[in-house]
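Written below as structure tokens is the structure these notes are about.
Residue numbers (my numbering), protein chains in the order written: chain A, 9 to 122; chain B, 3 to 115.
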């Protein structure tokens, strides 16, 4: 168990809908990252938050947004969903103590858009 | 930003043989290089990492080497076993944006019994 909690585990929804994915980082970790992994694809970096502030942005679509709350949990909002958004969405966290450190991944949320 | 390239995309070896996966990075400011193993349907898990102040690190059957001049690093697995079969990802992270970590595209390793 990595200590990173993601909910829900599975999500099935229709095109055009909006969903929210939730992530609780490991205790003490200030940074949260979101990655998208489509079938048999690599890990596509979406966005990073550090202590409530956006830190880095990757290939995140305008239809997607995220935030990190004061209690450090994060939410990824996906709207106007398309079939191609079906993927495994991972959240990861790290302590960001100043020296680069490994990311610890949650078990992911599998999103299926029908 | 950082760009990480990983080769090969697939690798098949016989049990007991060695496997080598190579990655190159573009940002000379990168100083942290972890490797992750992802089994089917599961989360990526850290298996080994190396920082830019060392050239090689070993943990039992797994080793990683780093060539800062050439901007490449490699994962070496010796005496491979069927349970080593998984997708392996390399990553690189620069010092100026703590944990702005970018991943390679992954290598699917199959170890045949």
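Virtual Cβ for every residue (Gly too), placed ideally from N, Cα, C.
DSSP state of residue 36 of chain B, grouped into three classes?
strand
Pull up the distance between the alpha-carbon of residue 121 of chain A and that of residue 21 of chain A, whole angstroms please.
5 Å
Quick one: is residue 110 of chain A near chain B, going by C-beta distance under 9 Å?
yes
Going straight from the alpha carbon of residue 35 of chain B to that of residue 10 of chain A, what length do you get?
19 Å
Is residue 34 of chain B close to chain A? Criterion is C-beta to C-beta, closer than 9 Å.
yes
Residue 89 of chain A (DSSP reduced to helix, strand or coil):
coil
Nearest neighbour of residue 55 of chain A, chosen from A/73, A/47 and A/79 [CA to CA]:
A/73
Please tell me whether residue 105 of chain B has its Cβ less than 9 Å away from any Cβ of chain A.
yes
Within a Cβ cutoff of 6 Å, which residues of the same chain sit near residue 9 of chain B, ignoring the five residues on either side of it in sequence?
24
Under 9 Å, do residue 21 of chain B and residue 86 of chain B count as touching if we go by C-beta distance?
yes
Taking the alpha carbon of residue 66 of chain A as the point to measure from, which residue in A/51, A/76 and A/27 has its own alpha carbon closest?
A/51
Closer than 8 Å by beta-carbon distance: list the chain B residues that pair up with residue 116 of chain A, in chain order.
45
Can you tell me whether residue 116 of chain A is buried or exposed? The criterion is at least 16 other CB atoms within 10 Å of its CB, across all chains shown.
buried
Mind pulling the chain A residues with CB within less than 7 Å of residue 75 of chain B?
Those within 7 Å of residue 75 of chain B in chain A number zero; the least Cβ separation is about 14 Å.
Roughly how many whole angstroms lie between the Cα atoms of residue 80 of chain B and residue 15 of chain B?
11 Å
For residue 78 of chain A, does the three-state DSSP call read helix, strand or coil?
coil
Say whether chain B places a C-beta atom closer than 9 Å to the C-beta of residue 50 of chain A.
yes
Here's a check: name, in chain order, each residue in its chain whose Cβ is nearer than 7 Å to the Cβ of residue 41 of chain B, leaving out the five neighbours to either side.
88
Taking only the alpha-carbon atoms, compute the straight-line gap between residue 170 of chain A and residue 75 of chain A and give it to the nearest angstrom.
The requested residue 170 of chain A does not occur in the structure, where chain A is confined to residues 9 to 122.
At the 9 Å Cβ level, is residue 57 of chain B part of the contact set with chain A, yes or no?
no
Go ahead and label residue 3 of chain B buried or exposed: buried means 16 or more other beta carbons lie within 10 angstroms of its beta carbon, across all protein chains shown.
exposed
Please tell me whether residue 60 of chain A and residue 103 of chain A are closer than 9 Å, where the distance is taken between their beta carbons.
no
Are three or more beta carbon pairs between the stretch 78-95 of chain A and the stretch 65-76 of chain B nearer than 8 Å?
no
Using a beta-carbon distance cut-off of less than 7 Å, what residues from the stretch 64-98 of chain A approach chain B?
64 and 98
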